[in-house]
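The sequence shown begins at 326 in the numbering used here and counts up one residue at a time. Using N, Cα and C, we set each Cβ at its ideal position, and we do this for glycine too. Here the structure is a predicted model, which means the values were calculated and not measured.
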Amino acid sequence: MDPRKSVKFAYDSIGSDFGKKRTNTWDFVVDWLKGFDCKNSEEPFKLLIAGCGNGRHVRLATDLGFEVSAIDLSVSMINATIEAEKELGRSGENIFVSDVCDLQFLDNEFDAIMSIAVLHHLPFELNKIALNEFSRVVKKDGKILISCWDPSAPSVINGDLDEENKDVVWVSWTLPDSSKISRYYHLPLISTRFEIWKDIDELKCTDFELKNYNQLFYFTKE
Numbered sequence: 326m327d328p329r330k331s332v333k334f335a336y337d338s339i340g341s342d343f344g345k346k347r348t349n350t351w352d353f354v355v356d357w358l359k360g361f362d363c364k365n366s367e368e369p370f371k372l373l374i375a376g377c378g379n380g381r382h383v384r385l386a387t388d389l390g391f392e393v394s395a396i397d398l399s400v401s402m403i404n405a406t407i408e409a410e411k412e413l414g415r416s417g418e419n420i421f422v423s424d425v426c427d428l429q430f431l432d433n434e435f436d437a438i439m440s441i442a443v444l445h446h447l448p449f450e451l452n453k454i455a456l457n458e459f460s461r462v463v464k465k466d467g468k469i470l471i472s473c474w475d476p477s478a479p480s481v482i483n484g485d486l487d488e489e490n491k492d493v494v495w496v497s498w499t500l501p502d503s504s505k506i507s508r509y510y511h512l513p514l515i516s517t518r519f520e521i522w523k524d525i526d527e528l529k530c531t532d533f534e535l536k537n538y539n540q541l542f543y544f545t546k547e
């Protein structure tokens, strides 16, 4: 199954409401970004945010000194991010509509990549394509942070299990008019995800952990 059209429709539908409710940055993202000394780098430290949502981490990373490029599949999310960047006096020209499975960037372009709460919207065959794209566009020794929801998350427990795939859950978002939009989540156990992801070409999973219902994976390009 390719859920990308469904995911795009969902986030295009909830975009403005999502932006109002998802404003805080994750502590694990802040900690990871602060681990880079990009402000003292002689060359710009280039970061790709693959799946930027409403842009909350774009603002954080830019303020920390990264040269940020950000993408999202949802036009609504991209428009919200660009608008927020312009309100801060920035152009928003570094924000693009794009698919993580088909990145429009050069090989070895980025020093680091982060993809927060994105790849859980794809089944294994597609998120492996995305990981190979990450491997292609990140530089040698570049770092990658990926987060996915864990199946123990409260929102997941209240979701609807897919009839055909036990690892797929449909989680609803309630809009201001009380209508609901269902979103596809592929949520295997963290150990299962690691076993699948540990064999991506040129990427070494240096660590993984479960933190606040988030599965976190740390990669280095070899």
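{"Check": "To the nearest angstrom, report how far apart G417 and E410 are at their CA atoms.", "Outcome": "6 Å"}
{"Check": "Among all the DSSP beta bridges, which residues are the ones paired with K464?", "Outcome": "According to DSSP, K464 bridges with nothing at all."}
{"Check": "May I ask you to report which of helix, strand or coil DSSP gives E368?", "Outcome": "coil"}
{"Check": "Pairing CB atoms from the region 373–383 with CB atoms from the region 438–453, are three or more of them under 8 Å?", "Outcome": "yes"}
{"Check": "Identify the residues that DSSP records as bridge partners of F542: which are they?", "Outcome": "I471, F533"}
{"Check": "Does the region 498–515 come into contact with the region 475–489, if we say contact requires no fewer than three beta-carbon pairs (one atom in each stretch) closer than 8 Å?", "Outcome": "yes"}
{"Check": "Hey, I554 and W498: beta-carbon distance below 8 Å or not?", "Outcome": "The shown model of the chain, from 326 to 547, leaves out residue 554, and the question about it has no answer."}
{"Check": "Give me whichever residues DSSP pairs with K574 in a beta bridge.", "Outcome": "In the structure displayed, the chain extends from 326 to 547; residue 574 sits before or after that span and is not available."}
{"Check": "Skipping 5 residues on each side, what residues in its chain have a beta carbon closer than 7 Å to that of S338?", "Outcome": "I506"}
{"Check": "Is the Cβ-Cβ distance between T545 and K468 less than 8 Å?", "Outcome": "yes"}
{"Check": "Going by other Cβ atoms of all chains shown within 10 Å of its Cβ, with 16 needed for buried, is V400 buried or exposed?", "Outcome": "exposed"}
{"Check": "What is the DSSP secondary structure of F334, reduced to helix, strand or coil?", "Outcome": "helix"}
{"Check": "Strictly by DSSP, which residues pair up with I374?", "Outcome": "A395, M439"}
{"Check": "Which stretch, first to last residue, makes up the beta strand (DSSP E) that contains V400?", "Outcome": "That residue, V400, is in no beta strand (DSSP E); its alpha helix (DSSP H) goes 400–412."}
{"Check": "Name the two residues that bound the continuous beta strand (DSSP E) containing I525.", "Outcome": "No beta strand (DSSP E) contains I525, which DSSP labels as neither H nor E."}
{"Check": "With a cut-off of 8 Å on the beta carbons, I'd call I471 and F542 a contact; round off their distance for me.", "Outcome": "5 Å"}
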